[in-house]
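*Asks:*
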DNA sequence: TATAATATTAGTAACGATTATCATTATGGT
DNA sequence: ACCATAATGATAATCGTTACTAATATTATA
Ligand SMILES: [Mn+2]
Ligand SMILES: [Mn+2]
Ligand SMILES: [Zn+2]
Ligand SMILES: [Zn+2]
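Protein chains in written order, with this note's numbering: chain A, 495 to 638; chain B, 495 to 638.
What follows is the structure, given as structure tokens:
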């Protein structure tokens, strides 16, 4: 998670973008949660600080921050996108019932990345590892 | 890939669905390709056999076949869903430039599944492993 | 500091993939 | 054949996301 404002600005500048208060606000909001929120959730939070901000700006900003490598976009079957300020490679668990997304302190062994590179003629740059199941609240056999 | 018609019918019946010619046609089309197509591609193919079929039926059918475990739905950042008749757990490589999706003959080590189960209180049922990069056609350094 | 060039924004309209609705048709069981 | 129910085709509606545009802010230049 990149929190240094100079570094944030630098990363945006590389791609030809400026650091505006809207962009910083979006990133701060995303960095303040562990919940992998969607664009609308971020919009509602940013509005508290910048009431006249528009949802279009949120989407535009999320795209730009992603391009600058300051966040990641996650999306799941037939649903909307979720965003994650943690740009380190890490796995997720997704509840197939309620949509809750948690981090998993787990990364793909380097060996597997190498194996993948060898098995294809694609030039691999990135990967995603996700587990699906039921969270404690949605698990029927649990008395939680 | 489940090709036996009795088995297809059985799997649908378990979920309370019948095997209709539209449903069989959709599954056959999907099973005939390795390209992980989207709903519209499937629609165009099915139309050749059943000209009056509607796109709504394609979507409805894909949902039902998925529920019956006869196909998988894949989707990627801010894009439409793609479908895969191979329901075995296997990894994919996705070209971030042109969208091409290839299979990777690679599966997640069981050890990692166990590790994931231990690291969370979710009840894990499934997972997805994907690599992102550039296919040979989109790779600038390649003279292909 | 004025001025010009450019980037960003808010507001809103448009888009497009997916879902829902509903009248009609097909299917399966008696 | 009759009935109950499931599935279809046609079409309308939904909704997340993008595109457009005029106004505003920022940066570069003189
Ligand atoms: Mn995360
Ligand atoms: Mn596949
Ligand atoms: Zn849940
Ligand atoms: Zn490509």
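We put the beta carbon where it would ideally sit given N, CA and C, even for glycine.
In whole angstroms, what is the alpha-carbon distance linking residue 568 of chain A and residue 553 of chain B?
*Replies:* Numbered from its first residue, the first chain carries residue 568 of chain A at position 74. Numbered from its first residue, the second chain carries residue 553 of chain B at position 59. Rounded to whole angstroms, residue 568 of chain A to residue 553 of chain B spans 23 Å at the Cα level.
*Asks:* Please report the straight-line C-alpha distance between residue 518 of chain B and residue 495 of chain A, rounded to a whole angstrom.
*Replies:* Taking the second chain and counting its residues from 1, the one referred to as residue 518 of chain B is at position 24. Taking the first chain and counting its residues from 1, the one referred to as residue 495 of chain A is at position 1. When rounded, the distance between both Cα atoms is 48 Å.
*Asks:* Within 10 angstroms of its Cβ, does residue 638 of chain A collect 16 or more other Cβ (buried), or is it exposed?
*Replies:* The sequence position of residue 638 of chain A within the first chain is 144, counting from 1. Low per-residue confidence applies at residue 638 of chain A: pLDDT is 49, beneath 50, and the placement is therefore not dependable enough to give any value.
*Asks:* What did DSSP end up calling residue 558 of chain B once you bin it into helix, strand or coil?
*Replies:* Here the question's residue 558 of chain B lines up with position 64 in the second chain. Reduced to three states, the DSSP call for residue 558 of chain B is helix.
*Asks:* Can you find a heavy atom of ligand 1 that lies under 8 Å from the Cβ of residue 595 of chain A?
*Replies:* Your numbering for residue 595 of chain A matches position 101 in the first chain. Yes, Cβ of residue 595 of chain A sits closer than 8 Å to a heavy atom of ligand 1.
*Asks:* Under 7 Å between beta-carbons, which chain A residues line up against residue 628 of chain B? List them in chain order, please.
*Replies:* Taking the second chain and counting its residues from 1, the one referred to as residue 628 of chain B is at position 134. 616, 617, listed in chain order.
*Asks:* In chain A, which residues lie less than 7 Å from residue 599 of chain B when you measure between Cβ atoms?
*Replies:* By 1-based counting over the second chain, the position of residue 599 of chain B is 105. Under the 7 Å cutoff, chain A gives 613.
*Asks:* Would residue 554 of chain B pass as an interface residue toward chain A - the criterion being a Cβ-Cβ separation below 9 Å?
*Replies:* In the second chain, the residue the question calls residue 554 of chain B occupies position 60. No, because no Cβ of chain A sits closer than 9 Å to the Cβ of residue 554 of chain B.
*Asks:* So, for residue 501 of chain B: in the same chain, excluding its five sequence neighbours on each side, which residues have a beta-carbon less than 7 Å away from its beta-carbon?
*Replies:* The residue you call residue 501 of chain B lines up with position 7 of the second chain. Here the set comprises nothing.
*Asks:* Nearer than 8 Å: is that true of the beta carbon of residue 666 of chain A relative to any heavy atom of ligand 2?
*Replies:* Only positions 495 to 638 of chain A appear in the structure, and residue 666 of chain A is not among them; the question remains open.
*Asks:* Is the shortest distance between the beta-carbon of residue 578 of chain B and the beta-carbons of chain A less than 9 Å?
*Replies:* By one-based count along the second chain, residue 578 of chain B stands at place 84. Closer than 9 Å: no.
*Asks:* Looking at ligand 4, does it come within less than 8 Å of residue 598 of chain B, judged from the CB to the closest heavy atom?
*Replies:* In the second chain, residue 598 of chain B corresponds to position 104, counting from 1. No - ligand 4 has no heavy atom lying nearer than 8 Å to the Cβ of residue 598 of chain B.
*Asks:* Work out the CA separation of residue 587 of chain B and residue 580 of chain A for me, nearest whole Å.
*Replies:* In the first chain, the residue the question calls residue 580 of chain A occupies position 86. In the second chain, the residue the question calls residue 587 of chain B occupies position 93. Their Cα atoms are separated by approximately 22 Å.
*Asks:* Distance check for residue 504 of chain A and residue 563 of chain A, CA to CA, integer angstroms please.
*Replies:* Along the first chain, read from residue 1 onward, the residue named residue 563 of chain A stands at position 69. Along the first chain, read from residue 1 onward, the residue named residue 504 of chain A stands at position 10. Rounded to the nearest angstrom, the two C-alpha atoms are 11 Å apart.
*Asks:* Kindly indicate which residue of A:600, A:633, A:565, A:628 has the alpha-carbon position closest to the one of residue 531 of chain A.
*Replies:* For the purposes of this step, residue 531 of chain A is taken as the residue at position 37 of the first chain. Nearest of A:600, A:633, A:565, A:628 to residue 531 of chain A, Cα basis: A:565.
*Asks:* May I have a chain-ordered list of the beta strand (DSSP E) segments no shorter than 3 residues that lie completely inside the stretch 563 to 589 of chain B?
*Replies:* Segments of the beta strand (DSSP E) lying fully in the stretch 563 to 589 of chain B: 566 to 569, 575 to 578, 585 to 589.
*Asks:* Can you find a C-beta in chain B that's less than 9 Å from the C-beta of residue 590 of chain A?
*Replies:* The count along the first chain starts at 1 and reaches residue 590 of chain A at position 96. So yes, residue 590 of chain A belongs to the interface.
*Asks:* What are the start and end residues of the beta strand (DSSP E) that includes residue 618 of chain A?
*Replies:* Along the first chain, read from residue 1 onward, the residue named residue 618 of chain A stands at position 124. Start and end: 617 to 628.
*Asks:* Starting from residue 536 of chain B, trace the alpha helix (DSSP H) both ways and give me its first and last residue.
*Replies:* Within the second chain, the letter at position 42 stands for residue 536 of chain B. Residues 533 to 543.
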